[in-house]
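J.: In the numbering used here, the protein residues as written are 476 to 832.
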Ligand SMILES: *Cc1c(COP(=O)(O)O)cnc(C)c1O
């Protein structure tokens, strides 16, 4: 996996600048980077305000590497990890009062303060407090020792693909006003969402009180995430994956014999295309999501098992030992990052200039 830090810096800096003009800061989301200190440091250098990760293990890795950043846990803490959460981060995103009570107890023991940002459910049906329950939870949180209520947020387009739009973003702002009026306080952080919010944020729509977005994919892959279209001016090839050819043979396109389930419980349907030249790459589902890879024109992915990726080349014959370069979607990226078999190579002196290509 080749990770071009110059291109990631450019992507992050561009988004920080564009959103800055609307009064929105960026929380750089590192969860797809497995705590990579190189990527984390690049995001900070590009001007993101803080780093967010969903796993405390990644946050610890970045802290061990002395990445100089404010870090927040963007997934609700596990009850079994509240002690680590209080020790490692100053703030976390929360949806359960039971967890906030436990954070309060641990924070008292550790003599630390812990900031809480409450996630609100606005239609995507992943994490979030139902809006009608929000005031009650804030009321109790405000009474809990060593808990600082920092703000609210929402997350859309993750489970159900619900688009962030004028309507649901206006609801978030309305909730801010309601909280401020009810409790006579100022809501500091209003975190409107993730990469799927860019279209809304940069459309010239009224931003209301939203002052933060949590961005991962848009920075790393240069795409918005509602239609997965390239964002103008960003690199979409900051991260690529290279795999080596280990077998090249002409074989029938149709398997022979009775067909039952394959290794993954599927029953593949194949059509007869005569004899084909197929190549096997030393890469598999342990390392990537085969549906999330894209090679250059003329190379098609035909199948994958745990350790073998089968491709067909329509233009030239691939040679044993030669390499094929892929672009990755988010799902392939996350798996490649977490696979110990994929070597990560950081490049911080950009050679090519395929901006926006
Ligand atoms: C993953 C995640 C993000 C970042 O999403 P991207 O689509 O990568 O920008 C933001 N917020 C939460 C809560 C997340 O889990």
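Heads up, the beta-carbon is just placed ideally off N, CA and C, and yes, glycines get one too.
By how many angstroms is the C-alpha of residue 664 removed from the C-alpha of residue 753?
T.: Start at 1 with the first residue of the chain shown, and residue 753 comes out as number 278. Start at 1 with the first residue of the chain shown, and residue 664 comes out as number 189. Spanning the two alpha carbons is a distance of roughly 53 Å.
J.: Using only the heavy atoms of ligand 1, determine whether one of them is closer than 7 Å to the beta carbon of residue 690.
T.: Along the chain shown, read from residue 1 onward, the residue named residue 690 stands at position 215. Yes, since a heavy atom of ligand 1 falls inside the 7 Å radius drawn around the Cβ of residue 690.
J.: Closer than 7 Å: is that where the CB of residue 567 sits relative to any heavy atom of ligand 1?
T.: Walking along the chain shown from the start, residue 567 turns up at place 92. It does not: the Cβ of residue 567 is nowhere closer than 7 Å to a heavy atom of ligand 1.
J.: Count the other C-beta atoms from every protein chain shown that fall within 10 angstroms of the C-beta of residue 678, then say buried if there are 16 or more, exposed otherwise.
T.: The residue labelled residue 678 in the question sits at position 203 within the chain shown. Classification of residue 678: exposed, given that the 10 Å Cβ count is below 16.
J.: List in chain order: all unbroken alpha helix (DSSP H) runs of 4+ residues lying wholly within the segment 488-552.
T.: For the segment 488-552, whole alpha helix (DSSP H) runs of length 4 or above, ordered along the chain, are 512-520 and 531-539.
J.: From the DSSP output, in three-state form, read off residue 816 for me.
T.: Working through the chain shown from its first residue, we reach residue 816 at position 341. Residue 816: coil per DSSP, three-state reduction.
J.: Using DSSP's beta-bridge definition, name the partner residues of residue 776.
T.: Position 301 of the chain shown, counted from the start, is the residue given in the question as residue 776. In DSSP, residue 776 forms a bridge with 786.
J.: Can we count residue 531 as close to ligand 1, meaning its CB is less than 7 Å from some heavy atom?
T.: Along the chain shown, one-based indexing puts residue 531 at 56. No, since every heavy atom of ligand 1 falls outside the 7 Å radius drawn around the Cβ of residue 531.
J.: Flag residue 564 as yes when its Cβ comes closer than 7 Å to any non-hydrogen atom of ligand 1, and as no otherwise.
T.: For this step, residue 564 is matched to residue 89 along the chain shown. No; taking the cut-off as 7 Å, the Cβ of residue 564 has no heavy atom of ligand 1 nearer than that.
J.: Is it buried or exposed, residue 584, if we count other Cβ atoms within 10 angstroms and call 16 or more buried?
T.: Within the chain shown, numbered from 1, the residue matching residue 584 stands at position 109. Its Cβ having fewer than 16 others within 10 Å, residue 584 is exposed.
J.: Leaving out the 5 sequence neighbours to the left and right, which residues in its chain are closer than 8 Å to residue 520 when beta-carbon positions are compared?
T.: Numbered from its first residue, the chain shown carries residue 520 at position 45. Contacts found: 484.
J.: Which residues in the same chain as residue 637 place their Cβ atom closer than 7 Å to its Cβ, once the five residues preceding and following it in sequence are excluded?
T.: Residue 637 sits at position 162 when you count from the first residue of the chain shown. Around residue 637: 598, 599 and 631.
J.: Does the distance from the C-beta atom of residue 523 to that of residue 551 stay below 8 Å?
T.: The residue labelled residue 523 in the question sits at position 48 within the chain shown. The residue labelled residue 551 in the question sits at position 76 within the chain shown. No, the Cβ-Cβ distance between residue 523 and residue 551 is not below 8 Å.
J.: Would DSSP call residue 804 helix, strand or coil?
T.: Taking the chain shown and counting its residues from 1, the one referred to as residue 804 is at position 329. Three-state DSSP puts residue 804 in coil, outside helix and strand.
J.: Are the beta-carbon atoms belonging to residue 633 and residue 661 less than 8 Å from one another?
T.: Stepping through the chain shown from its first residue, residue 633 is reached at position 158. Stepping through the chain shown from its first residue, residue 661 is reached at position 186. Not in contact: residue 633 and residue 661 (Cβ atoms no closer than 8 Å).
J.: Looking at the secondary structure, which residues open and close the alpha helix (DSSP H) in which residue 618 lies?
T.: Residue mapping note: residue 618 aligns to position 143 of the chain shown, counting from 1. From DSSP, the alpha helix (DSSP H) with residue 618 extends over 609-618.
J.: Comparing alpha-carbon positions, which option in 567, 819, 810 and 689 lies nearest residue 765?
T.: Counting from 1 along the chain shown, the entry for residue 765 is found at position 290. Per the Cα distances, 810.
J.: Identify every run of the alpha helix (DSSP H) within the segment 691-777, keeping only runs that are complete inside it and at least 4 residues long; order them along the chain.
T.: Here the runs fully enclosed are 692-696.
J.: How many angstroms separate the CA atom of residue 592 from the CA atom of residue 567?
T.: Here residue 592 refers to the residue found at position 117 of the chain shown. Here residue 567 refers to the residue found at position 92 of the chain shown. In a straight line, the C-alpha of residue 592 is about 6 Å away from that of residue 567.
J.: Can you give, in chain order, each stretch of the alpha helix (DSSP H) that sits fully within the segment 577-658 and has at least 4 residues?
T.: Counting whole runs of 4 or more residues, the segment 577-658 contains the alpha helix (DSSP H) stretches 609-618 and 641-658.
J.: Counting only the same chain and skipping the five closest in sequence on each side, list residues whose C-beta sits under 7 Å from that of residue 812.
T.: In the chain shown, residue 812 corresponds to position 337, counting from 1. The answer, listed in chain order, is 507, 508 and 509.
J.: Would residue 526 and residue 546 qualify as a contact pair, given that the criterion is a beta-carbon distance under 8 Å?
T.: Mapped onto the chain shown, residue 526 falls at position 51. Mapped onto the chain shown, residue 546 falls at position 71. Yes, these two residues count as a Cβ contact at 8 Å.
J.: What distance in whole Å lies between the Cβ atoms of residue 505 and residue 486, which are believed to be in contact at a cut-off of 8 Å?
T.: Within the chain shown, numbered from 1, the residue matching residue 486 stands at position 11. Within the chain shown, numbered from 1, the residue matching residue 505 stands at position 30. With 8 Å as the limit, residue 486 and residue 505 do not qualify as a contact, their Cβ atoms being about 14 Å apart.
J.: Grouping DSSP H, G and I as helix and E and B as strand, with all else coil, what is residue 478?
T.: Taking the first residue of the chain shown as 1, we reach residue 478 at position 3. It is a strand residue.
J.: Tell me whether residue 670 counts as near ligand 1, meaning its Cβ is closer than 7 Å to at least one heavy atom of that ligand.
T.: Taking the chain shown and counting its residues from 1, one reaches residue 670 at position 195. Correct: residue 670 has its Cβ closer than 7 Å to ligand 1.
J.: Are the segment 704-719 and the segment 790-810 touching by the rule of at least three beta carbon pairs closer than 8 Å?
T.: Taking 8 Å as the limit for Cβ pairs, the verdict is that the segment 790-810 does touch the segment 704-719.
J.: What did DSSP end up calling residue 575 once you bin it into helix, strand or coil?
T.: Position 100 of the chain shown, counting from 1, holds the residue named residue 575. Here residue 575 sits in helix by DSSP.
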